[in-house]
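So the sequence shown is numbered by the numbering used here: it starts at 26 and just counts up by one. No residue lacks a Cβ here, since even glycine has one placed at the ideal position from N, Cα and C. Note that the structure is predicted; figures quoted are calculated from it, not measured. The structure appears below as structure tokens.
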Amino acid sequence: MTTGEKTVQSKASIPDLAPLEAVLFDIDGTLCDSDPLHYIAFCEMFAEIGMEVPDDEFLSKNIAGKHNDDIAAILFPDDIPKGMKFMKDAEERFRRLASENLASIKGLYRLTKWIQDRGLKRAAVTNAPKQNAELMISKLGLQDFFDAVIVASDCERAKPYPDPYLKALQLLQVSKDHTFVCEDSLPGIRAGVAAGLPVVGLTTTYPENLLMEANPTILIKDYEDPKLWDYLGQLDNKTEELLEKHPLQFPSNLGYPNCKREEQETLLLDFENQPDTNFVRQTKAFVQETKNKEFQLINNCV
């Protein structure tokens, strides 16, 4: 742990977050399998300047997940300007590779659909440069998925400090007690834990035994991992139990009958293919306002 960091280990399991408000994602190695492309870019750069290519262990421990300023200092401790130039060129090379060869992490779109279906807020939180973040999100077709994108330059301190995740909570106006993080790197997991957030760690970049040092809540292989969906199923069940105590009510002037929550939710699904009329907008606005109030009621009871 870097000197000056304050770790606040979250004791919450994923089901304990009910009702869930938001999910926060890292990008490299978490949304997409980008690390092999970074490795190729680094190897080509090292070869061009006649520098020996570091082994995989060195790269995973000292490069993956870190901010470019820190990487420059690690690779060229006696010549920081040279290191910064190296990183700038390496990132440009990576973007050329990523524009043609970027692949999503297995099960990603299953999870993003689960999040969208529940109307949860979401943000991408990354140490990557803004250009990289925008390119990767675009190539993955997630431009309209995220409510916010936070890059290291938006914060006073990058990961492994908690600042980027704390900023995401602030921008989304959500509670750390009802939000979890998806991360693949040691700096990223440490940042999430330091922000007091439960972290779902992916073993896409680091070995499991190394990631465990950062205290993730759970570790998964990818987003198809049964362990993840077991936890999300428990989260759904706990949320439903809480919501049954505070059933959603529609005002009589909107023409809805008094019915059970699941019936009301079915009625709302009808709006997906309806014209954008004043009635539809009015009802959607009311539902969102009611759910916000409902969430506060539930929060006060748990």
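{"query": "Among the residues of its own chain, which have a CB less than 6 Å from the CB of Pro251, if the five just before and after it don't count?", "result": "none"}
{"query": "Please report the residue range of the alpha helix (DSSP H) in which Ala47 lies.", "result": "Note, Ala47: premise wrong, no alpha helix (DSSP H); beta strand (DSSP E) at 47-50."}
{"query": "Going along the chain, which residues of its own chain have a beta-carbon closer than 7 Å to the beta-carbon of Leu145, five neighbours each way excluded?", "result": "Leu45, Glu46, Ala47, Val48"}
{"query": "Run the CB neighbour count on Lys184, radius 10 Å, all protein chains shown included, and call it buried at 16 or more, exposed below.", "result": "buried"}
{"query": "Can you give me the Cβ contacts of Ser38 inside the same chain, cut-off strictly under 6 Å, excluding the 5 residues immediately before and after it?", "result": "none"}
{"query": "Tell me whether Ile130 sits in a helix, a strand or coil according to DSSP, three-state version.", "result": "coil"}
{"query": "For Arg182, which residues of its own chain have a beta-carbon under 7 Å away from its beta-carbon, when the five flanking residues on both sides are left out?", "result": "Asp188"}
{"query": "Would you report the Cα separation of Pro282 and Gln168, rounded to the nearest angstrom?", "result": "Here the model assigns Pro282 a pLDDT of 49, short of 50, so the residue's position is not dependable and the matter cannot be decided."}
{"query": "DSSP state of Cys207, grouped into three classes?", "result": "strand"}
{"query": "Ile65 to Arg143, Cα distance in whole Å?", "result": "38 Å"}
{"query": "Relative to the alpha-carbon of Val176, which residue among Gln156, Gly258, Ile74, Glu208 has its alpha-carbon at the smallest distance?", "result": "Gln156"}
{"query": "Measuring CB to CB, does Met76 end up less than 8 Å from Ala123?", "result": "no"}
{"query": "What do you get for Lys201, buried or exposed, if any count of 16 or more other CB atoms within 10 angstroms of its CB means buried?", "result": "buried"}
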